[in-house]
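Here this note's numbering is used: position 62 in the sequence shown is 62, and no number is missing along the way. Note that the Cβ used here is the ideal one computed from N, Cα and C, for glycine as well. Below you'll find the structure, written out as structure tokens, and then a few comments.
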Amino acid sequence: MKVTKVAGNCKQSTCPAVYVDDAGSLVVQGAAVRNADGLQLGEGEQAVQISVELVREALRALDR
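Next up, the structure:
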């Protein structure tokens with residue numbers, strides 16, 4: 001899978017970011033979320049936390 005960063009302008013590779021893959025799906029990088037009330041993850045799923053502003057940045061980039 002090849003990904004292209006569409007949001008997140010940190011120079012390091014460990015900052016929250018949003019990518020689009022070659023199939024057109026989003027890949028999200030962020031801090032892992034564990035033990036959140038109301039969060040039910042399926043087998044093989046993981047949840048990450050990113051800011052609302054990062055989501056907005058990604059949506060603006062994808063609208064171009």
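Inset, instruction - Starting from D21, follow its DSSP beta bridges and name the residues at the other end. - result: One-based indexing of the sequence shown puts residue 21 at position 21. Beta-bridge pairing links D21 to V3.
Legend entry - Proximity of V20 and V3 at Cβ, strictly below 8 Å: In the sequence shown, the residue the question calls residue 20 occupies position 20. In the sequence shown, the residue the question calls residue 3 occupies position 3. Yes.
Inset, instruction - Find out if the Cβ-Cβ distance for the pair L54, V6 is shorter than 8 Å. - result: The count along the sequence shown starts at 1 and reaches residue 54 at position 54. The count along the sequence shown starts at 1 and reaches residue 6 at position 6. No, the Cβ-Cβ distance between L54 and V6 is not below 8 Å.
Inset, instruction - Determine the burial state of A36: buried for a count of at least 16 other Cβ atoms within 10 Å of its Cβ, exposed for fewer. - result: By 1-based counting over the sequence shown, the position of residue 36 is 36. By the neighbour-count rule (16 or more Cβ atoms within 10 Å), A36 is not buried but exposed.
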